[in-house]
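Peer 1: Take this structure first; my questions come after.
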Amino acid sequence: YQSGDAAAGETEVVLCRGTIGPQAENIVSFKTAGGIEGGDVEVLPVSAEIAKEQVRSGRIVPEYTTDLSVADRFSREHYLIIVRVKVKYLTRGSVSESGWVMPKKTPVDPVGIIDRTYGKAENTGQANASK
1 YQSGDAAAGE TEVVLCRGTI GPQAENIVSF KTAGGIEGGD VEVLPVSAEI AKEQVRSGRI
61 VPEYTTDLSV ADRFSREHYL IIVRVKVKYL TRGSVSESGW VMPKKTPVDP VGIIDRTYGK
121 AENTGQANAS K
């Protein structure tokens with residue numbers, strides 16, 4: 001996708017991420033990348049600077065992945081959320097984790113949520129490092 005190519009920007013891709021149960025439920029309920037109210041179809045992609053900061057320190061903006069092995073690692077003993085999102089909202093995140101970052105208010109279409117706690121209580125202190 002190249003900025004300015006409106007048709008390509010409307011292309012939807014499927015991404016996933018590991019997160020804690022309440023966050024996954026909020027993503028499904030509010031249909032936003034960050035699981036917050038107020039999805040915004042006009043939201044602009046995250047800047048390259050913020051994306052780099054997310055990769056460096058985490059917990060700034062939601063980061064999803066195209067790599068199931070990465071999603072497996074981050075969702076183990078937590079939840080795996082799978083969404084469909086338009087590419088116009090995405091900025092490259094961690095290259096090594098096949099990551100894509102987007103604003104918290106990005107509208108997403110939740111495709112699935114998988115409980116990977118294996119019946120154990122979640123340790124929410126060890127959840128995914130991105131918000």
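First residue of the sequence shown? That's 1 in full-length UniProt numbering, and the numbers climb one at a time after it. Ideal Cβ placement from N, Cα and C applies to all residues, glycine included. These figures come from a predicted structure and were not determined experimentally.
Just tell me which of Ser69, Glu37, Val43 has its CA closest to the CA of Leu90.
Peer 2: By 1-based counting over the sequence shown, the position of residue 90 is 90. It is Val43.
Peer 1: Between the alpha carbons of Ala71 and Ile60, how many angstroms are there, rounded?
Peer 2: For this step, residue 71 is matched to residue 71 along the sequence shown. For this step, residue 60 is matched to residue 60 along the sequence shown. Each residue's alpha carbon lies about 18 Å from the other.
Peer 1: Going along the chain, which residues of its own chain have a beta-carbon closer than 7 Å to the beta-carbon of Ala129, five neighbours each way excluded?
Peer 2: Translated into the one-based positions of the sequence shown, residue 129 becomes position 129. Below a pLDDT of 50, predicted positions are generally treated as unreliable, and Ala129, at 47, falls in that range; the measurement from the model is reported next regardless. Result list for Ala129: Gly58, Arg59, in chain order.
Peer 1: Alpha carbon to alpha carbon, how far is Phe30 from Lys131? Give it in angstroms, no decimals.
Peer 2: Working through the sequence shown from its first residue, we reach residue 131 at position 131. Working through the sequence shown from its first residue, we reach residue 30 at position 30. With a pLDDT of 46 at Lys131, under the threshold of 50, the predicted position of this residue should be treated as unreliable, though the coordinate-derived value follows. Roughly 15 Å separates the two Cα atoms.
Peer 1: Is it true that the CB of Val83 sits closer than 9 Å to the CB of Asp109?
Peer 2: Position 109 of the sequence shown holds residue 109. Position 83 of the sequence shown holds residue 83. Yes, these two residues count as a Cβ contact at 9 Å.
Peer 1: For residue 153, count neighbouring Cβ atoms within 10 angstroms of its own Cβ and tell me buried if that reaches 16, exposed if not.
Peer 2: Here the chain comprises residues numbered 1 to 131, so residue 153 is not present and cannot be evaluated.
Peer 1: Between which residues of its own chain and Val46 is the CB-CB distance below 7 Å, once the five residues before and five after are set aside?
Peer 2: Locating residue 46 in the sequence shown gives position 46, where the first residue counts as 1. Closer than 7 Å at Cβ, skipping near neighbours: Val61, Thr91, Val101, Met102, Pro103.
Peer 1: Mind reading off the beta-carbon distance from Ile36 to Lys105? Whole number of angstroms is fine, and I expect it under 8 Å.
Peer 2: What you label residue 36 is simply residue 36 of the sequence shown in a count that begins at 1. What you label residue 105 is simply residue 105 of the sequence shown in a count that begins at 1. Yes, they are in contact, since the Cβ atoms of Ile36 and Lys105 sit about 7 Å apart, within 8 Å.
Peer 1: Just to confirm before moving on: does the CB-CB distance between Ala24 and Leu68 stay below 9 Å?
Peer 2: Position 24 of the sequence shown, counted from the first residue, corresponds to residue 24. Position 68 of the sequence shown, counted from the first residue, corresponds to residue 68. Contact: no.
Peer 1: Kindly indicate which residue of Glu12, Gln54, Ile27 has the alpha-carbon position closest to the one of Gly112.
Peer 2: For the purposes of this step, residue 112 is identified with residue 112 of the sequence shown, where counting begins at 1. Selected option, being the one with the closest Cα: Ile27.
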